[in-house]
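Chains as they are written, first to last, in my numbering: chain A, 34 to 285; chain B, 237 to 314.
Even glycine gets a Cβ: it sits at the ideal position worked out from N, Cα and C.
Working notes, beginning with the structure itself.
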Amino acid sequence: MARVLAFANQKGGVAKTTTTLSIGAALAEMGKTVLAVDMDPQAALTYSMGVDPDALDETVNDVLVRRLPVEKVVVSREVDLVPANIDLAGAEAILLAKTGREYALERALRDVQSAYDYIVVDCPPSLGILTINGLTAANEVVIPLQCEALSHRGVGQLVETLGDIRHFTNPNLAIGGVIPTMYDGRSRHAREVLADVGTRYELAVLEPAVRKSIRFAEASQAGLSILSFAPTHPGADAYRELARRIDAGPAA
Amino acid sequence: MSDRPASKHALYTKTERRSGTCTVECSACREETRVSYLELAALLFPVHFHVPFMRYHHSWLRCPACGKRTWVRIHLDR
Chain A
34 MARVLAFANQ
44 KGGVAKTTTT
54 LSIGAALAEM
64 GKTVLAVDMD
74 PQAALTYSMG
84 VDPDALDETV
94 NDVLVRRLPV
104 EKVVVSREVD
114 LVPANIDLAG
124 AEAILLAKTG
134 REYALERALR
144 DVQSAYDYIV
154 VDCPPSLGIL
164 TINGLTAANE
174 VVIPLQCEAL
184 SHRGVGQLVE
194 TLGDIRHFTN
204 PNLAIGGVIP
214 TMYDGRSRHA
224 REVLADVGTR
234 YELAVLEPAV
244 RKSIRFAEAS
254 QAGLSILSFA
264 PTHPGADAYR
274 ELARRIDAGP
284 AA
Chain B
237 MSDRPASKHA
247 LYTKTERRSG
257 TCTVECSACR
267 EETRVSYLEL
277 AALLFPVHFH
287 VPFMRYHHSW
297 LRCPACGKRT
307 WVRIHLDR
């Protein structure tokens, strides 16, 4: 059975997609079979894996709304991908009218659980029904966190939502930990934010922190993970180490 | 947990739960449908099977959504 990791933080621009893809690619480098699921209507993961979202006929939207089997929409790249495009924005409205709407992704992934070691889910930057689907389908949630003051508020809201998820849909959801992204170790502020988030919410902070670099944006533009685009870059090494830690077991 | 229907908890199916109801998840059409216990009893008629622990969709009866006799899962807690 696959281990399902949801990467979530309702704050945008904290490197959720980069982290999802990089951890997925690092796990694949370790010989694991990985399926990446794009649950964001902005389709950043799909684009970052070299797939044009606008050229797709069938996406995760068809899986969630039309109950199309996952295998029918999988695209092979560095890791297998269930792509998304802007159509997914409509799925939210359709799902809201359905009983069992939180379980749409969990139901769909049940068919492919035995084919993969890991399923990594890139959640959208919101706490709506798509994120709830990602968290309901997951064994663990990993929280990418940009180390700046406003992140506190976002993490607090996310932790509240994780409590709701455990109460309503997925009592076994574990928190894999926080991954510090876009980290600038020279700034005392970044170090303080990281220490505060760890203690205030009793969350494990997974290390090493991933430093800010233009190479991540270049990798996305090339449709590759940082591990393929710049294999010796410190960011690639950081994600390899983080993937090893994740593979070793839940941190919290 | 807040009981305000317009709160963020409105996103969850469980908050719509009325007493005397459960949901039936179909393996064929994959719909999940809320039914009353009386409706469930009608779906069980005239023949049904249950194989607890053997499979995820552990009951064989008529799906209230697609009308097929097929394997379903009854969620008493949703």
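Strictly below 9 Å CB to CB, what residues from chain B border A/Gly133? Position 100 of the first sequence, counting from 1, holds the residue named residue 133 of chain A. Result: Thr249, Thr259, Glu261, Glu267, Glu268, Thr269, Arg270, His311, Arg314.
Tell me, which residues are paired with B/Thr257 by DSSP? Your numbering for residue 257 of chain B matches position 21 in the second sequence. Per the DSSP secondary-structure output, B/Thr257 pairs in a beta bridge with B/Ser272.
Hey, how far is the Cα of B/Glu261 from the Cα of B/Ala301? Your numbering for residue 261 of chain B matches position 25 in the second sequence. Your numbering for residue 301 of chain B matches position 65 in the second sequence. If you take the alpha carbons of B/Glu261 and B/Ala301, they lie about 9 Å apart.
For the alpha helix (DSSP H) containing A/Leu78, list its first residue and its last residue. As a working note, residue 78 of chain A is residue 45 in the first sequence. If you look at A/Leu78, you'll find it in the alpha helix (DSSP H) that goes 77–81.
Does chain B have any CB closer than 8 Å to the CB of A/Ala285? Here residue 285 of chain A refers to the residue found at position 252 when the first sequence is read from its first residue. Residue placement at A/Ala285 cannot be trusted, given a pLDDT of 44 that sits under 50; what the coordinates show is reported in the next sentence. The beta carbon of A/Ala285 sits no closer than 8 Å to any beta carbon of chain B.
Residues in the region 196–226 of chain A with C-beta within 8 Å of chain B's C-beta atoms, listed in sequence order? Listed by position along the chain: Asp197, His200, Phe201, Thr202.
Mind listing the chain B neighbours of A/Leu160? Cutoff is C-beta to C-beta under 8 Å, in chain order. In the first sequence, residue 160 of chain A corresponds to position 127, counting from 1. The contact set of A/Leu160 on chain B, defined by CB atoms closer than 8 Å, consists of Lys244 in chain order.
Chain B contact for A/Ile165 (CB, 8 Å cutoff): For the purposes of this step, residue 165 of chain A is taken as the residue at position 132 of the first sequence. Yes, contact with chain B.
Quick check: A/Leu260 and A/Ala269, are their CB atoms within less than 8 Å of each other? Sequence index remark: in the first sequence, residue 260 of chain A carries index 227 (1-based). Sequence index remark: in the first sequence, residue 269 of chain A carries index 236 (1-based). A distance below 8 Å separates the beta carbons of A/Leu260 and A/Ala269.
Mind checking whether A/Leu178 and A/Val211 have CB atoms under 8 Å apart? For the purposes of this step, residue 178 of chain A is identified with residue 145 of the first sequence, where counting begins at 1. For the purposes of this step, residue 211 of chain A is identified with residue 178 of the first sequence, where counting begins at 1. Remark: C-beta atoms of A/Leu178 and A/Val211 approach each other more closely than 8 Å.
When you compare each of B/Arg298, B/Arg309, B/Tyr273 to B/Phe281 by their alpha carbons, which one comes out closest? Stepping through the second sequence from its first residue, residue 281 of chain B is reached at position 45. Selected option, being the one with the closest Cα: B/Arg298.
Anyone know if the C-beta pair for A/Asp95 and A/Val67 falls short of 8 Å? To locate residue 95 of chain A, count along the first sequence from 1; it is residue 62. To locate residue 67 of chain A, count along the first sequence from 1; it is residue 34. Cβ distance not < 8 Å, so A/Asp95 and A/Val67 don't count as in contact.
How many angstroms separate the CA atom of B/Val271 from the CA atom of A/Ile165? Residue numbering aside, residue 271 of chain B sits at position 35 when the second sequence is read from its first letter. Residue numbering aside, residue 165 of chain A sits at position 132 when the first sequence is read from its first letter. One C-alpha to the other measures close to 24 Å.
If you run the structure through DSSP and keep just helix, strand and coil, what is A/Gln43? Your numbering for residue 43 of chain A matches position 10 in the first sequence. DSSP places A/Gln43 in coil when its eight states are reduced to three.
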